[in-house]
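S.K.: If you're matching positions, the sequence shown starts at 3 in our numbering and goes up one per residue.
Below you'll find the structure I mean.
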Amino acid sequence: MRELTDFDEMYQELIIDHYKNPRNKSKLSKFTDEVKSHNPFCGDEIELQLDIKNNVIESISVSGRGCAISQSSGSLLGETIIGKTVIEARKDNESMRSLLKDENLNDEELDSLSDSSAIEGVKKFPVRIKCALLSWSALTDILSKY
Numbered sequence: 003m004r005e006l007t008d009f010d011e012m013y014q015e016l017i018i019d020h021y022k023n024p025r026n027k028s029k030l031s032k033f034t035d036e037v038k039s040h041n042p043f044c045g046d047e048i049e050l051q052l053d054i055k056n057n058v059i060e061s062i063s064v065s066g067r068g069c070a071i072s073q074s075s076g077s078l079l080g081e082t083i084i085g086k087t088v089i090e091a092r093k094d095n096e097s098m099r100s101l102l103k104d105e106n107l108n109d110e111e112l113d114s115l116s117d118s119s120a121i122e123g124v125k126k127f128p129v130r131i132k133c134a135l136l137s138w139s140a141l142t143d144i145l146s147k148y
């Protein structure tokens with residue numbers, strides 16, 4: 003079995019922290035868009051609420067239940083896209099999908115994903131990729147209207 007590197011451990015800690023202490027979990031009292039998504043294979047659920055004004059994501063709520071990967075990925079998504087334009091959020095969404103398909107990202111794309119790139123290790127476990135992309139798929143549904 004391969005030994006964990008310092009980076010692997012740092013990313014594992016980040017994922018666990020976002021699972022135990024999810025960010026942007028409180029439901030929004032005012033929002034422009036909402037979508038609920040679930041993974042029928044494992045039962046993970048995500049509810050994504052966005053308040054988009056002038057094509058900027060002003061506030062976000064990501065709540066749900068499920069495995070550490072799906073829930074931490076949702077929390078990371080919230081921190082990644084809040085304050086960004088719809089176009090920037092679309093690019094981040096595409097970058098996350100590319101990252102998990104083991105496609106190379108340039109430095110700008112990686113920087114834009116910020117801590118969300120910690121989910122990259124999931125690509126070693128193809129069955130877990132759907133868990134990691136659950137909230138990002140919900141984001142796709144919302145952004146398709148803009």
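Glycine included, C-beta positions come from ideal geometry on N, C-alpha and C.
Quick caveat, the model's predicted, so the values are computed rather than measured.
From the DSSP output, in three-state form, read off Asp-35 for me.
M.R.: Three-state result, Asp-35: strand.
S.K.: If distances are taken between C-alpha atoms only, which option among Glu-36, Lys-29, Ile-71 comes closest to Cys-44?
M.R.: Answer by Cα proximity: Ile-71.
S.K.: Could I get the ranges of all uninterrupted beta strand (DSSP E) runs contained in the stretch 54-123, with 3 residues as the minimum, in chain order?
M.R.: Counting whole runs of 3 or more residues, the stretch 54-123 contains the beta strand (DSSP E) stretches 58-67.
S.K.: Cα-Cα, which of Asn-26, Arg-25, Asp-46, Gln-51 is closest to Val-37?
M.R.: Comparing Cα positions, the closest option is Gln-51.
S.K.: When you compare the CB positions of Ile-17 and Ala-120, do they come within less than 8 Å of one another, or not?
M.R.: In contact: Ile-17 and Ala-120 (Cβ atoms closer than 8 Å).
S.K.: Measuring CA to CA, which of Lys-22, Ile-62, Ala-140 is closest to Lys-86?
M.R.: Of the candidates Lys-22, Ile-62, Ala-140, the one whose C-alpha sits nearest the C-alpha of Lys-86 is Ile-62.
S.K.: Kindly confirm or deny that the stretch 105-113 and the stretch 76-92 touch, where touching means at least three C-beta pairs closer than 8 Å.
M.R.: The stretch 105-113 is not in contact with the stretch 76-92.
S.K.: Spatial neighbours of Ser-114 within its chain, please: CB distance less than 6 Å, with the 5 preceding and 5 following residues excluded, ordered by chain position.
M.R.: So the list reads Asp-94, once near-sequence residues are dropped.
S.K.: Buried or exposed: Asn-23, going by 16 or more other Cβ atoms within 10 Å of its Cβ?
M.R.: Exposed is the call here.
S.K.: Less than 7 Å between C-beta atoms, sequence neighbours within five positions excluded: which residues of the same chain meet that for Arg-67?
M.R.: Only Glu-47 meet the Cβ criterion.
S.K.: Under a Cβ-count criterion, where at least 16 other Cβ atoms within 10 Å of its own Cβ denotes burial, should Ile-144 be classed as buried or exposed?
M.R.: Answer is buried; the Cβ neighbour count reaches 16.
S.K.: Within the same chain, show all residues whose beta-carbon is closer than 8 Å to that of Asn-57, passing over the 5 residues directly before and after it, in chain order.
M.R.: Taken in chain order, the residues that qualify are Thr-87, Val-88, Ile-89, Tyr-148.
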